Every structure is written in structure tokens, then in C-alpha cells.
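Protein chains in written order, with my numbering: chain X, 1 to 239; chain U, 240 to 464.
What follows is the structure, encoded as C-alpha cells:
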């Protein structure tokens, strides 16, 4: 009975929201989650948010900006939704509200092909690189740098491609990066993944703090897509 | 994909970004010009209050990093209920900063024309405005051209900051290609070449204009060619 009531409310909400257009922020330089192909925003996240919008009957306009600006733009009301392979963290949760997780990722340790380095690259006098602001960044700092397990240099890069380029150029020994992104890169470039750090971080879709209505809409959308198997379809398209 | 065809295939996308970059540059410079002219006149001919205002304006906007100005406009103004599109915010941000620099270019140019010229004009019966319009301005314009060309290149390059607010200009389009092609150096080199060509072409044109306006014997610059 109670569940039926909830469904009715949600359907009402969905009907109410028909035709409503939401501004969706992303940072389209993170394949396979979001990138640009023939001038269009594509990737797992992009398909997912469009599928949720279709399912729940609202429209989305994708806005691309620097990853660091996304939360600020959400807080100031320039965006309604952020989907950008964004890990749910406590710090972020203080400023925005996250949907139920739609993806679980780990961190990969990547080294140059033929360098002979293994997972032990994370210890001692090795130089490790990360993409600024990512979970890899936080993890390495917390677990390796602060604990002095890593005595080499710790380098932060603006994008993961620059980090990888420096790795291939031989200026760092290893890169710690979200595994799906690392795997995709390793397919075409002379690098190899020598280990996975099971951080189990969860990606969430962010909305403005307190925007329950929109959050419920998104959560219901994710649930329905999981049930209908549509999410699996999108996953197999990109991974 | 081999490297040459990557550059070739990237070109339409990069040109699209170049068009946005050019729009940002010219609109910001134009806005800067519109604000700067009255400011510079005011600083030279205006009263004490206006002069002080211009000095404060100029000091403030020359001291803040451009990116901070952009963030203040784009994320700050919505708090006061004023909302700009990213593109408008960028034009405003680059424009008001450029106005601070341009006002000093014009002030310097006007002041470089000897005050005795104005006195001479007045002695011929011209009003102050006529003296400015017919005697000071034509000379000051020529003096202002080279530093103004420099300001153009500064605004052109700073337009790349627009991507932080979500405007897809040249650098951002390049970023898209890099994130899937994994070829940062190749794309950055192509982008550098595009910026270089624009800067070179515009500076050349302004140089031609300067030469067309030159009066033999009244040159300030050195005569080495």
C-alpha cells in the first residue's frame, strides 16, 4: 500500500516534470564516461543521463566545463545536474546531494610497457603521477605520501592524458588512475596495468543540495534502468 | 590513425573552436574599447573625482588574475540574482579587464601629444573639442596602435580561459580531441600554429595600417627595417 502510494507520487512528479529542461554539467574529456565524437557529447554518463531523462520524462541540455568548476556551477544554480564520473566523497556531499551510485570503480596502477616495474612501484623512491582532484590523487596522498611509504616525487597533472604522456616520456614511474579510463588508454598505448587498488569508489549524479524532487526523479530513473536491463546495454556499449 | 590524418581530421573541430575564440576576442576588445575611451578621456581631461575613479578601476582590474575575474562574474553574480550565460560572462570579464589596460594605452597616447599643440589649436580659434578631434586625436591614434595591437594578442590568448566556464573555444575543442586521441603534443602544436597565424595576421594588418597613417618625420619608432 505504502509502496503504491510512493509510485503514484513519483508518477505524478514525472508527469509534472514533463517538458522540463535541466542543465546537465559534465567535463567531456574522460572517456569512456564522457567525451566528444563528431561534435556530440557521448560516453557512458551521457547515454545514462539521456536514458534517465527519457525514462522520467524530462529534457536535458548538456553543458561542458572544466571538472573543477562543476560543483561551483551547481551550487550557484548555473547547472541543475552534474554527471561527470564523479566519485561520491564526504567533502562533495557537504555541498551537493548525490544520487544512488551508478558505477563502482577502482584505481589502476599504470607503468610503461617493458619497464619491468610491478605493483611495488608504489613503495620507496619512485615517482608517482595522478590527475588533479581525482580519487587517485586523494588515495596516493593519504596512503602513500602522508605515511612516507612513497619517498619519491608525487606529481599532479591537469588531465590524465598529460599524466600518461609524462609516463610514456619516462618522467614518472607510475600513474594511479580510475581503472576504466586506464584500461581504455592501455589498449592503444605502450603502457600496462600492473595492479588494481580496490578503492571501490562509487560514481554518483549530483544535484543542488536539498533538491529532493530532482534527486528522487534521478534515483527512480536509475532504478528503472537497472531493472529493465537498459543500464547493462549502455555498459556493454562502452566497456 | 596516423598523425597526419589526425591533424587533418581535427581541423574542422579546431576551426569551429577558432571561430568562437575570434568572437570572444573581438567582442571583448570591442567592449574594452567602448569602456576605455571615456575612461582615458576622463583621466586626461576630467575632474579630480573622475580621475580618482579611473585610477581605482584600473588598479583593481589590472591586479586580479583574469581567471578570478571570470569566476567572480560567473559564480558571484547569480548570488545577487543576475545570471549570465558563460559566453556573456567571458566577454564581460575579458572586456572590463581589457578596458583597464586600453584606457592606459589611450591615456598615454593622448598625453604623448605635447600640450602646446592644444594651446596652438586653441589660439587658432578651435574649441577644446575641435582641438582634440582635429589635432590631438589623429596623432594619438597612431601612437596608440602598436600597444593596442599588443593588447589584442593578450586578449586573444586569454580567451583560452573561457573553457573554465564552459565555453567551447579553440583550446577546449583541442582538449576533446586529446582526450580520445591521446596525442596531446600533436594537437597542442596545431593549436599553437592557429594562434600564431591569427596573431601574425592581425599584427601584420595593424602594422600596415600604422604605415599607411605614418607622417614622414613624425615617427616615434626607430627606423630599422
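Don't be surprised by glycine CBs; every beta carbon is placed ideally from N, CA and C. Here the structure is a predicted model, which is why all the values come from computation and not from measurement.
Contacting residues, own chain, Cβ-Cβ under 8 Å from residue 446(U) (five flanking each side not counted):
As a position in the second chain, residue 446(U) is number 207, starting the count at 1. Counting only Cβ-Cβ distances below 8 Å, and skipping sequence neighbours, we find 388.
So if I threshold CB-CB distances at 9 Å, which residues from the stretch 374-407 of chain U count as touching chain X?
402, 403, 404, 405, 406, 407
Give, in chain order, every unbroken run of the alpha helix (DSSP H) that is at least 4 residues long and sits entirely within the stretch 67-130 of chain X.
67-75, 90-93
Does the beta carbon of residue 35(X) come closer than 8 Å to any beta carbon on chain U?
Position 35 of the first chain, counted from the start, is the residue given in the question as residue 35(X). Residue 35(X) counts as touching chain U.
Answer yes or no: do residue 144(X) and residue 150(X) have a C-beta to C-beta separation smaller than 8 Å?
The sequence position of residue 144(X) within the first chain is 144, counting from 1. The sequence position of residue 150(X) within the first chain is 150, counting from 1. Against a cut-off of 8 Å, the Cβ pair of residue 150(X) and residue 144(X) comes out as a contact.
May I ask you to list, following chain order, the residues of the stretch 151-167 of chain X that have a beta carbon less than 9 Å from some beta carbon of chain U?
159, 160, 161, 162, 164, 165
So, does the stretch 267-279 of chain U touch the stretch 335-352 of chain U, judging by three or more C-beta pairs under 8 Å?
yes
May I ask you to list the residues that DSSP assigns as paired with residue 196(X)?
The sequence position of residue 196(X) within the first chain is 196, counting from 1. Per DSSP, 108(X).
Residue-level contact to chain X via CB, residue 418(U), 8 Å cutoff:
Position 179 of the second chain, counting from 1, holds the residue named residue 418(U). True, the Cβ-Cβ gap to chain X drops below 8 Å.
Within 10 angstroms of its Cβ, does residue 360(U) collect 16 or more other Cβ (buried), or is it exposed?
For this step, residue 360(U) is matched to residue 121 along the second chain. Buried, since its Cβ has 16 or more Cβ neighbours within 10 Å.
Taking the alpha carbon of residue 325(U) as the reference point, which residue from 61(X), 78(X), 231(X) has its own alpha carbon closest?
Numbered from 1 along the second chain, position 86 holds the residue referred to as residue 325(U). Minimum Cα distance to residue 325(U) is reached at 78(X).
Any beta carbon of chain U sitting closer than 8 Å to that of residue 63(X)?
Stepping through the first chain from its first residue, residue 63(X) is reached at position 63. With 8 Å as the cut-off, residue 63(X) counts as an interface residue toward chain U.
Residue 26(X) to residue 441(U), Cα distance in whole Å?
The count along the first chain starts at 1 and reaches residue 26(X) at position 26. The count along the second chain starts at 1 and reaches residue 441(U) at position 202. Near 35 Å, if we compare the C-alpha coordinates of residue 441(U) and residue 26(X).
Measuring only the C-alpha atoms, how far is residue 167(X) from residue 264(U)?
As a first step, residue 167(X) must be located in the first chain, where it is residue number 167. As a first step, residue 264(U) must be located in the second chain, where it is residue number 25. Straight-line Cα distance between these residues: approximately 36 Å.
How would you label residue 424(U), buried or exposed, when you count the other beta carbons within 10 angstroms and need 16 or more for buried?
Taking the second chain and counting its residues from 1, the one referred to as residue 424(U) is at position 185. With fewer than 16 other Cβ atoms within 10 Å, it is exposed.
Along the stretch 203-228 of chain X, what residues have a CB closer than 8 Å to any CB found in chain U?
none
Compute the Euclidean distance between the alpha carbons of residue 319(U) and residue 404(U), then round it to the nearest angstrom.
As a position in the second chain, residue 319(U) is number 80, starting the count at 1. As a position in the second chain, residue 404(U) is number 165, starting the count at 1. Looking at the two C-alpha atoms, the distance is approximately 18 Å.
With a threshold of 16 other CB atoms inside 10 Å of the CB of residue 258(U), please say whether the residue is buried or exposed.
Counting from one through the second chain, the residue named residue 258(U) turns up at place 19. Residue 258(U) comes out exposed.
Residues that residue 185(X) contacts on chain U, provided the C-beta gap is smaller than 7 Å
Counted from its first residue, the first chain places residue 185(X) at position 185. Residues of chain U passing the Cβ test: 421.
Can you find the residues in the same chain that come closer than 8 Å, C-beta to C-beta, to residue 256(U), ignoring five residues on each side of it along the sequence?
For the purposes of this step, residue 256(U) is identified with residue 17 of the second chain, where counting begins at 1. Answer for residue 256(U): 407, 408, 409, 410, 411, 412, 413, listed in chain order.
Straight-line gap, residue 374(U) to residue 402(U) (C-alpha atoms, nearest Å):
Working through the second chain from its first residue, we reach residue 374(U) at position 135. Working through the second chain from its first residue, we reach residue 402(U) at position 163. When rounded, the distance between both Cα atoms is 44 Å.
For residue 156(X), I'd like the list of residues in its chain whose CB is within less than 7 Å of its CB, leaving aside the five on either flank, ordered along the chain.
Counted from its first residue, the first chain places residue 156(X) at position 156. 130, 132, 137.
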